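Quick notes on the structure that follows.
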Amino acid sequence: MIKQVFLIIALFTFTLLFSQKSESWLLMDKEPITTLSFSKSETLSVNEFSFQATWDNKLSYSDNLGYYGGISELKVLKNNKLLQTIKNIEDGIAIGEINITFYDYNMDGYIDFSIPIDCSKSCYDAYYLFNPQTEKFEHQKEWAYLKIQEINKVNKQILTVPDGNAKHSQNILYQVEGLKLIKLKTFKI
Numbered sequence: 001m002i003k004q005v006f007l008i009i010a011l012f013t014f015t016l017l018f019s020q021k022s023e024s025w026l027l028m029d030k031e032p033i034t035t036l037s038f039s040k041s042e043t044l045s046v047n048e049f050s051f052q053a054t055w056d057n058k059l060s061y062s063d064n065l066g067y068y069g070g071i072s073e074l075k076v077l078k079n080n081k082l083l084q085t086i087k088n089i090e091d092g093i094a095i096g097e098i099n100i101t102f103y104d105y106n107m108d109g110y111i112d113f114s115i116p117i118d119c120s121k122s123c124y125d126a127y128y129l130f131n132p133q134t135e136k137f138e139h140q141k142e143w144a145y146l147k148i149q150e151i152n153k154v155n156k157q158i159l160t161v162p163d164g165n166a167k168h169s170q171n172i173l174y175q176v177e178g179l180k181l182i183k184l185k186t187f188k189i
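Residue numbers 1 to 189, in the working numbering, belong to the letters of the sequence shown in order.
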């Protein structure tokens, strides 16, 4: 009986939360993204950017898995001009490859990218947002572990995937301002 009451309350809360949302909200998993997969030294491109990866089989190590590699150096070029070099991108999920996902995460008109950093119960990413003033992708520590469920491009807002367990879960609503995330509200489900 308690489980049924909890389920009814959770469904009511979820329905109330999403019934107040406008049509401007888009499911992140329906958005067009591009993913480049690196498991060896190679150059791959997306839009006007090229990514020259130097793969190192001994960059990442685990006692139970041994060595499983990573990108020791990632050179980022725009129209064949070197913009930056990112060093030591470890294979944080130990699958022998690194998937770099491209999308305009902060909704400023410039492509950004994310890299998986942890996959245990859920997968989490590190975010690198393109700064047009410096013409570099900047690692945004405050975005780390952000799991985006929906975005609102009109209001530049992000709603996270519910985090927690069946009894205690929450979504967080963020406002995006430039490269920054501003926490607006926490919805307990």
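Beta carbons are placed, not taken as given, at the ideal position from N, Cα and C, and that holds for glycine.
A quick note: this is a predicted structure, and the numbers were derived from the prediction, not measured.
What residues are listed by DSSP as bridge partners for residue i?
i	result
residue 63	Paired residues: none, contrary to the question.
residue 124	118
residue 75	52, 85
Provide the residue span of the beta strand (DSSP E) that contains residue i, from first to last.
i	result
residue 39	From DSSP, residue 39 is part of no beta strand (DSSP E); its letter is neither H nor E.
residue 152	148-152
residue 25	25-27
residue 171	169-177
residue 58	Segment: none, residue 58 is in no beta strand (DSSP E) and carries neither H nor E.
residue 138	136-140
residue 182	180-188
residue 157	157-160
So the candidates are the options; which of them puts its Cα closest to the Cα of residue i?
i	options	result
residue 179	157, 170, 130	130
residue 177	81, 158, 66, 45	158
residue 24	58, 63, 150	150
residue 114	44, 156, 124	124
residue 82	135, 101, 72	135
residue 153	168, 60, 108, 73	108
residue 101	89, 90, 183, 116	116
residue 35	26, 183, 47	47
residue 84	139, 168, 27, 173	139
residue 56	33, 73, 65	73
residue 62	51, 92, 75, 87	92
residue 118	42, 133, 103, 144	144
residue 155	80, 181, 133	181
residue 58	43, 71, 28	71
Just checking my contact of residue i with residue j at CB under 8 Å: how many whole Å lie between their CB atoms?
i	j	result
residue 186	residue 170	5 Å
residue 60	residue 97	Wrong, their Cβ atoms sit about 11 Å apart, outside the cutoff.
residue 94	residue 68	5 Å
residue 54	residue 45	16 Å between Cβ atoms; not a contact.
residue 26	residue 52	Not confirmed; about 33 Å, so no contact.
residue 132	residue 110	6 Å
residue 43	residue 50	6 Å
residue 33	residue 103	5 Å
Could you confirm whether any beta carbon from chain B is found closer than 8 Å to the beta carbon of residue i?
i	result
residue 49	In the displayed structure, chain B is absent; only one protein chain is listed.
As an exercise, report each continuous beta strand (DSSP E) stretch of at least 3 residues that is fully enclosed by the segment 78-108, in chain order.
81-90, 98-103
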